[in-house]
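Engineer: So the sequence shown is numbered by the working numbering: it starts at 5 and just counts up by one.
No residue lacks a Cβ here, since even glycine has one placed at the ideal position from N, Cα and C.
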Amino acid sequence: MTTDNSSPNDSLDKMIHEIQNYLYFLASMGCRGFDCSVETMERMQRWGSGVCFDHETIIGLEEMAGTCRRCRLSGSRRKVVFGSGDPKAKLMFIGDYPDAGDEEQGLPFAGETGDLFTRIIQAMGFTRENIYMCNAVKCTLPKGREPLQEEMDACRYLLQRQIRIVQPEIICTLGPISTKALLNTSEPLSALRGSFHQYDRILVMPTYHPALLLKEADRKRDVWEDMKLVMKAYQEKVQRIH
């Protein structure tokens, strides 16, 4: 009869070694990654941190986002611009990514862009307090470039969880980055705006970002036409709920 004198640590080391060998094998066969669920990504985010986040609430998810190191943007950011507004709002606005003013205030849609955004939602009959707003990418970018695909992918699980917690009836994506993140399409924004699309059974209206409207004022009419469709659909949804 033989006695197994191996310790739990020895068993763990052996298991890790076997996993490493299997991953090396997959890499040699051309595998470059795995599709992971939102829940798996959240567990990976917390791994080794010693911190347990309540990712079923907006506050808990924001705390989790503050520790994110999943892409290179985490090395240059001062703070994560997570989101703001009513976490149970029926109308949600998603922008592309925060600018320096957003990062300074810690809020999406700040500064001159935010002033225009506020005027738009006020004209619709809303305030910043009774909608929810966030960005598809949560960190500021190096000046002069848009987010890389890997940076968009790194933030996707946070955006998906935000939507799942808020449970809006209607989402308005502002800009091509947020529209692509939600609808997973390469179609130009000009071809997508003006009609509703769907994300997980939620109505999605793509339109132009307020920052673009500051440069190209002639697009304001298009945005307002889109917002009128949003208002009409919102009223129909609210009446059906009540």
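Tell whether a beta-carbon distance below 9 Å holds between Gln109 and Tyr136.
Structural biologist: Going by C-beta atoms, Gln109 is not nearer than 9 Å to Tyr136.
Engineer: Out of curiosity, what's the CA-to-CA distance linking Ala237 and Gln164?
Structural biologist: Cα to Cα, Ala237 sits roughly 22 Å from Gln164.
Engineer: With DSSP as the reference, label Cys35 as helix, strand or coil.
Structural biologist: coil
Engineer: Is Phe97 helix, strand or coil when you go by DSSP?
Structural biologist: strand
Engineer: If we count the other Cβ atoms within 10 Å of its Cβ and call it buried at 16 or more, is Thr117 buried or exposed?
Structural biologist: buried
Engineer: If you drop the 5 nearest sequence neighbours on each side, which residues of the same chain put their C-beta closer than 8 Å to that of Phe130?
Structural biologist: Leu95
Engineer: Measuring only the C-alpha atoms, how far is Ile206 from Thr177?
Structural biologist: 12 Å
Engineer: Could you please give the first and the last residue of the uninterrupted beta strand (DSSP E) stretch that includes Leu196?
Structural biologist: Per DSSP, Leu196 belongs to no beta strand (DSSP E); it is in the alpha helix (DSSP H), Leu193 to Leu196.
Engineer: Specify whether the stretch 146–158 and the stretch 67–81 touch according to this definition: at least 3 beta carbon pairs, one from each stretch, less than 8 Å apart.
Structural biologist: yes
Engineer: In the DSSP assignment, what residue or residues form a beta bridge with Gln202?
Structural biologist: Leu207
Engineer: Does Gly179 come out as helix, strand or coil in the three-state DSSP assignment?
Structural biologist: coil
Engineer: Can you give me the Cβ contacts of Thr6 inside the same chain, cut-off strictly under 7 Å, excluding the 5 residues immediately before and after it?
Structural biologist: Model confidence at Thr6 stands at a pLDDT of 46, short of 50, so the residue's coordinates are unreliable; what they give is reported in the following sentence. Around Thr6: no qualifying Cβ.
Engineer: Does the stretch 172–188 come into contact with the stretch 95–104, if we say contact requires no fewer than three beta-carbon pairs (one atom in each stretch) closer than 8 Å?
Structural biologist: yes
Engineer: Cα-Cα, which of Lys92, Ala93 and Leu65 is closest to Val84?
Structural biologist: Nearest option by C-alpha distance: Leu65.
Engineer: Pick out whichever of Asp103, Gln239, Asn134 and Ser190 has its Cα sitting closest to the Cα of Arg149.
Structural biologist: Distance check between Arg149 and each of Asp103, Gln239, Asn134 and Ser190 places Asp103 closest, using alpha-carbon atoms only.
Engineer: Among Met19, Cys143, Lys92 and Ile125, whose alpha-carbon lies nearest the alpha-carbon of Glu107?
Structural biologist: It is Cys143 whose Cα lies nearest to the Cα of Glu107.
Engineer: Short of 7 Å in beta carbon distance, which residues of its chain neighbour Lys105, apart from the five on each side in sequence? Order them along the chain.
Structural biologist: This sequence places Gly at residue 105; Lys is not what is there. Contacts found: Ala114 and Gly115.
Engineer: Measure the alpha-carbon distance for Val1 versus Asn134 and round it to whole angstroms.
Structural biologist: As shown, the chain starts at 5 and ends at 246. That puts residue 1 outside it, with no answer to give.
Engineer: By DSSP, does Cys138 sit in helix, in strand, or in coil?
Structural biologist: strand
Engineer: Report, in whole angstroms, the separation of the C-beta atoms of Ala69 and Pro172, which I expect to be a contact under 8 Å.
Structural biologist: Wrong, their Cβ atoms sit about 19 Å apart, outside the cutoff.
Engineer: Helix, strand or coil, according to DSSP, for Gly89 in the structure here?
Structural biologist: Correct three-state label for Gly89: strand.
Engineer: Does the Cβ-Cβ distance between Ile124 and Pro192 come in under 9 Å?
Structural biologist: no
Engineer: Mark Ile23 as exposed unless 16 or more other C-beta atoms lie within 10 angstroms of its C-beta, in which case mark it buried.
Structural biologist: exposed
Engineer: CA-CA distance, Leu120 and Val208?
Structural biologist: 21 Å
Engineer: Locate the alpha helix (DSSP H) running through Met68, then write down its first and last residues.
Structural biologist: Ile62 to Gly70
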